[in-house]
Structures are given as structure tokens and as C-alpha cells.
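Heads up: the structure comes next, in C-alpha cells.
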Amino acid sequence: MDKESILHQAQRPPWTKPVHADVAEQIAYLPRLTPRQRQVLYGVARGLTNQQIADRLGIAHTTVKWHLGTLMAKFAVSNRTELAYVAVKCGLA
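UniProt numbering applies: residue 1 is where the sequence shown begins, and numbers increase by one.
Structure follows, in C-alpha cells:
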């Protein structure tokens, strides 16, 4: 293991898994999402902003933010970029 990857792992909060770890496990989790969570995740995978997702789904911007927080917790990622990566790996884009 090189020095850079060791430093990267040290900066990751202990409760998160590496985003690229087990895509099969992440794909298997998709059926457990609510329909609305799947819609929001699809919007993230397509590169839409929170406001664009809200407009397309007819919900408030703050509701989208709430769903994103829930999705990030469920997929054990710490930001929107990692969530988008997971969504793309799960075939949503």
C-alpha cells in the first residue's frame, strides 16, 4: 500500500466504507429504497442540482436535501460526489 492511499484512508471517517468497495452490495441495497429515494438518487446520477431534482419531482428543495442526507447515510458516503459515484455504479445513469 502506498503512502497516499494510507493517508486517504486515515482521513476517512471510521464509519464509512470505501465507495468503490462492494458495488454488488450497493446494488443489492437499491430495492430497499423508497420510490422517492430512488427518484432523487436517479437525479443525482444524472448530474441534476438539488433545485432541478425538486422541480422535476414537484417537491421542496429542502426535501431533496433531506433525502440526500438519508441516502448518504444509507450508502455510507460522506458527500454528494460519492453518492453520484455509487448511483452510476449501480446503473442509474
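From the three backbone atoms N, C-alpha and C, an ideal C-beta is built for every residue, glycine too.
Being a predicted model, the structure only gives us computed values, none of them experimental.
With contacts defined as CB atoms closer than 8 Å, residue 54 and residue 92 fail to qualify as a contacting pair.
Excluding the 5 residues flanking it on each side, residue 51 has same chain C-beta neighbours closer than 7 Å at 61, in chain order.
The beta carbons of residue 86 and residue 77 sit closer together than 8 Å. Residue 57 places its beta carbon 8 Å or farther from that of residue 72. Counting other Cβ atoms within 10 Å of its Cβ, residue 69 stays below 16 and is therefore classed as exposed. Taken atom to atom, the span from the alpha-carbon of residue 67 to that of residue 31 is near 16 Å.
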